[in-house]
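To keep things clear, I will list the structure first and then write my remarks on it.
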Amino acid sequence: MSSAKTSPVVETGLTHLAVSLRGVTKVYDNGVIALGPLDLAVRKGEFISLLGPSGCGKSTALRIIAELSAPSSGTVRVARHEGVPQPGHGIGFVFQEPTLMPWTSVRENVRLPLKLAGLPKAEARARADEALASVGLADFAEAYPRELSGGMKMRVSLARALVTDPDILLMDEPFAALDEITRFRLNNDLLALWRSLRKTVIFVTHSVFESVYLSQRVVVMTARPGRIQADIRIETVEPRGEEFRTSAAYSDYCRKVSAALAPSYSGQSTL
Ligand SMILES: Nc1ncnc2c1ncn2[C@@H]1O[C@H](COP(=O)(O)OP(=O)(O)OP(=O)(O)O)[C@@H](O)[C@H]1O
Numbered sequence: 001m002s003s004a005k006t007s008p009v010v011e012t013g014l015t016h017l018a019v020s021l022r023g024v025t026k027v028y029d030n031g032v033i034a035l036g037p038l039d040l041a042v043r044k045g046e047f048i049s050l051l052g053p054s055g056c057g058k059s060t061a062l063r064i065i066a067e068l069s070a071p072s073s074g075t076v077r078v079a080r081h082e083g084v085p086q087p088g089h090g091i092g093f094v095f096q097e098p099t100l101m102p103w104t105s106v107r108e109n110v111r112l113p114l115k116l117a118g119l120p121k122a123e124a125r126a127r128a129d130e131a132l133a134s135v136g137l138a139d140f141a142e143a144y145p146r147e148l149s150g151g152m153k154m155r156v157s158l159a160r161a162l163v164t165d166p167d168i169l170l171m172d173e174p175f176a177a178l179d180e181i182t183r184f185r186l187n188n189d190l191l192a193l194w195r196s197l198r199k200t201v202i203f204v205t206h207s208v209f210e211s212v213y214l215s216q217r218v219v220v221m222t223a224r225p226g227r228i229q230a231d232i233r234i235e236t237v238e239p240r241g242e243e244f245r246t247s248a249a250y251s252d253y254c255r256k257v258s259a260a261l262a263p264s265y266s267g268q269s270t271l
């Protein structure tokens, strides 16, 4: 499979895994050693969070999985269906900033990946509307981004990532800029979507609380260059909700994840 300086390609040999990184490193052209060696296996349909100190290479890891950046060494394998419409390659990406086009409607923003993939307009419109309905914005297709709240813009960004029906959803601190109430609500809605769509989700966050609430596994990374510091399974009854958020089990997991992060902030700063 893919090796140093090559991109991951369609991989049919990964039966249970959605993503497999082995010994992956990234050295940027300016000499910054951003990542690794990183070993990470994510099962199909799993929801994992990547947590780690600022600059430890979380975004770099997502970008490598999404083929937006090539690894410097190591093996990257990404499972996806063949024949997925381009672009997107079976991967949806949600960034911290919603990055919507301000001059056009919410529907047109969501339709963009399908337009670029050359889908007929009527079909693309129908799929965009379906994606908008799945994030609770069925009534806002004609609205412009300036008419939406921050949380609604993020929902549009999520709909745009889902519109190509990707197997894997990569989310890079999507809710970091939102107020806590909106964030809690989006957390619940994201979990409901994940339960119904069963996508593989790799979610980058700085929040211990958010990572524990959302994930089946929290992967804690070391300071740069990022490696795996701890891999913590969150075993709870599903579906999660306020009962879990206020439970002793939740507090215990948060303590455990915080303890795994401690070496990153109690040692000498690498920033
Ligand atoms: N294109 C680039 N060229 C050079 N260095 C880069 C580039 N992108 C990232 N870096 C560096 O690589 C390191 C890892 O960056 P990355 O954005 O992956 O970290 P992160 O864990 O996502 O950070 P944060 O949590 O602050 O968003 C940082 O030191 C960053 O400055």
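In case it helps, the UniProt record's numbering puts the sequence shown at residues 1 to 271. Even glycine gets a Cβ: it sits at the ideal position worked out from N, Cα and C.
| Asked | Found |
| --- | --- |
| Near ligand 1: G241 beta-carbon under 7 Å from a heavy atom | no |
| Pick from F209, V76, R43 and L14 that is closest to P37, judged by C-alpha positions | V76 |
| Check whether K44 and P98 have beta carbons under 8 Å apart | no |
| Per-residue DSSP class, three states only, for I33 | strand |
| Cβ-heavy atom distance, Y265 to ligand 1, below 7 Å | no |
| DSSP-derived helix/strand/coil call for D129 | helix |
| Near ligand 1: V219 beta-carbon under 7 Å from a heavy atom | no |
| Distance between beta carbons of I48 and V219, contact taken as under 8 Å | 6 Å |
| Integer-rounded CB distance, given that I232 should sit under 8 Å from R255 | Between I232 and R255 the Cβ distance is about 11 Å, and since that is not below 8 Å, they are no contact. |
| Residues bridged to R224 [DSSP beta-bridge criterion] | Its beta-bridge partners do not exist; DSSP assigns none. |
| Residues of its chain near L14, where Cβ-Cβ distance is below 7 Å and the 5 sequence neighbours each way are ignored | S20, R77 and A79 |
| Identity of the residues DSSP links to K26 by a beta bridge | L35 |
| Contact with chain B by L137, beta-carbon distance below 8 Å | Checking the listed chains, one finds no chain B in this structure; it contains a single protein chain. |
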